[in-house]
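Take a look at the structure below.
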Amino acid sequence: MIIRKQDIYTLDVEHWLPLGQEEFLAEVTSANLHNYSSWLLPQLVAHFGRWQLYSTGRETVAKNTHNDLDKVLYRLSRVRRSLLIKNQTQQPEYGQLTPLILCGFKQAHGYSYEQFRELEGLEWLLEPQLYEALVKHDPPHLTQDRLLKIREQGLVYRTGPKAGQTRNPESTWQLYSIQDTELGEQTKLLQSMLCQIWLAHPKHRRQTMILDPHDWDRMPQPLVDTQLLAQPTTNNKKSVVREEMPWD
403 MIIRKQDIYT LDVEHWLPLG QEEFLAEVTS ANLHNYSSWL LPQLVAHFGR
453 WQLYSTGRET VAKNTHNDLD KVLYRLSRVR RSLLIKNQTQ QPEYGQLTPL
503 ILCGFKQAHG YSYEQFRELE GLEWLLEPQL YEALVKHDPP HLTQDRLLKI
553 REQGLVYRTG PKAGQTRNPE STWQLYSIQD TELGEQTKLL QSMLCQIWLA
603 HPKHRRQTMI LDPHDWDRMP QPLVDTQLLA QPTTNNKKSV VREEMPWD
């Protein structure tokens, strides 16, 4: 794919629409879209901000995707965010903890994230890994002290030349060896959110993110008081069967 203009509406990607999911991901990967994240992600959010909300998530997608390009842009919102951003901690406001479609509604229409919690068909509006972390699990209510202890346990190198040393919570995207804790059964993304590592670390977190599974609009207090808060942004085998889409 050749990028001629920094404009999502000029992307020549309509031929991706009928592809099976694995083929679609292969096309996204080979196109190196992460090289264009500085303009592609903000434009995607702005694009979704032009949508109108309907009574269900599926209807919302179906009635806002008017042509093949609209449908491909929607499919892009559902791929792993690492395919769209090379280094998520360098562009955290559009990282994996940011629901691109909901963010568009929030910035353009003033919706809160919590307003979407009970929406039927929410799985069509959230990237699958974020949906699994927020909706399909019931995270425990733990104290800050307990979360900090779990984080400390999960950041320690257990083997190798660094055994006993601690990983950097700002850049480590998952916790290790915490199966025996209250978070052992939770998804890696939810663990990182609750224990404030990687994108959820106070240095990287932004208002565009969902950082508390119990209150999607709340920015939790830092687990460690001495951590400096970053200033939040105010910017408002190959399958031949493709993933079922709301317009089907």
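To convert a position in the sequence shown, counted from 1, into this note's numbering, add 402.
Heads up, the beta-carbon is just placed ideally off N, CA and C, and yes, glycines get one too.
Please read these numbers as outputs of a predicted model, since none were measured by experiment.
Checklist entry - Quick one, are the C-beta atoms of L486 and L550 less than 9 angstroms apart? => result Along the sequence shown, read from residue 1 onward, the residue named residue 486 stands at position 84. Along the sequence shown, read from residue 1 onward, the residue named residue 550 stands at position 148. No. Outside cutoff.
Checklist entry - Are P648 and G512 close, meaning C-beta to C-beta below 9 angstroms? => result Residue mapping note: residue 648 aligns to position 246 of the sequence shown, counting from 1. Residue mapping note: residue 512 aligns to position 110 of the sequence shown, counting from 1. Result no, Cβ atoms of P648 and G512 do not sit closer than 9 angstroms.
Checklist entry - What's the C-alpha gap between K590 and R620? => result Numbered from its first residue, the sequence shown carries residue 590 at position 188. Numbered from its first residue, the sequence shown carries residue 620 at position 218. Each residue's alpha carbon lies about 20 angstroms from the other.
Next on the checklist: With H, G and I counted as helix, E and B as strand and the rest as coil, what does DSSP make of T568?
Outcome noted: Along the sequence shown, read from residue 1 onward, the residue named residue 568 stands at position 166. Three-state result, T568: strand.
Next on the checklist: With a threshold of 7 angstroms on Cβ separation, who are the neighbours of Y476 within its own chain once the five nearest residues in sequence on each side are excluded?
Outcome noted: The sequence position of residue 476 within the sequence shown is 74, counting from 1. Counting only Cβ-Cβ distances below 7 angstroms, and skipping sequence neighbours, we find V463 and T467.
Next on the checklist: Less than 7 angstroms between C-beta atoms, sequence neighbours within five positions excluded: which residues of the same chain meet that for Q588?
Outcome noted: Here residue 588 refers to the residue found at position 186 when the sequence shown is read from its first residue. Counting only Cβ-Cβ distances below 7 angstroms, and skipping sequence neighbours, we find H539 and P541.
Item to check | CA-to-CA distance, N489 to P444, given in whole angstroms | outcome: Locating residue 444 in the sequence shown gives position 42, counting from the first residue. Locating residue 489 in the sequence shown gives position 87, counting from the first residue. If I take the Cα positions, the gap works out to 15 angstroms.
Checklist entry - Which residues does DSSP pair with V558 in a beta bridge? => result In the sequence shown, counting from the first residue as 1, residue 558 sits at position 156. Per DSSP, T568.
Item to check | P420 burial status per 10 Å Cβ neighbour count (16 or more: buried) | outcome: As a working mapping, residue 420 is identified with position 18 in the sequence shown. Flag for P420 reads exposed.
Checklist entry - If L592 sits next to Q498, beta carbons under 8 angstroms apart, how far is it from one beta carbon to the other, in whole angstroms? => result Sequence index remark: in the sequence shown, residue 592 carries index 190 (1-based). Sequence index remark: in the sequence shown, residue 498 carries index 96 (1-based). 12 angstroms between Cβ atoms; not a contact.
Item to check | beta-carbon P501 near the ligand HEM non-hydrogen atom, thresh 8 angstroms | outcome: In terms of ligand content, the structure shown is empty, and the ligand HEM therefore cannot be addressed.
Next on the checklist: Looking only at its chain, what residues have a beta carbon closer than 6 angstroms to the beta carbon of V415, apart from the 5 residues adjacent to it on each side?
Outcome noted: Taking the first residue of the sequence shown as 1, we reach residue 415 at position 13. Closer than 6 angstroms at Cβ, skipping near neighbours: V474.
Checklist entry - From R569 to T610, what distance separates their C-alpha atoms? => result Against the sequence shown, residue 569 aligns to sequence position 167. Against the sequence shown, residue 610 aligns to sequence position 208. Distance between the alpha carbons of R569 and T610 is about 26 angstroms.
Next on the checklist: Give me, in chain order, the residues of the same chain whose beta-carbon lies closer than 6 angstroms to that of E522; leave out the 5 immediate sequence neighbours on both sides.
Outcome noted: Position 120 of the sequence shown, counting from 1, holds the residue named residue 522. Excluding positions up to five away in sequence, the list reads T458.
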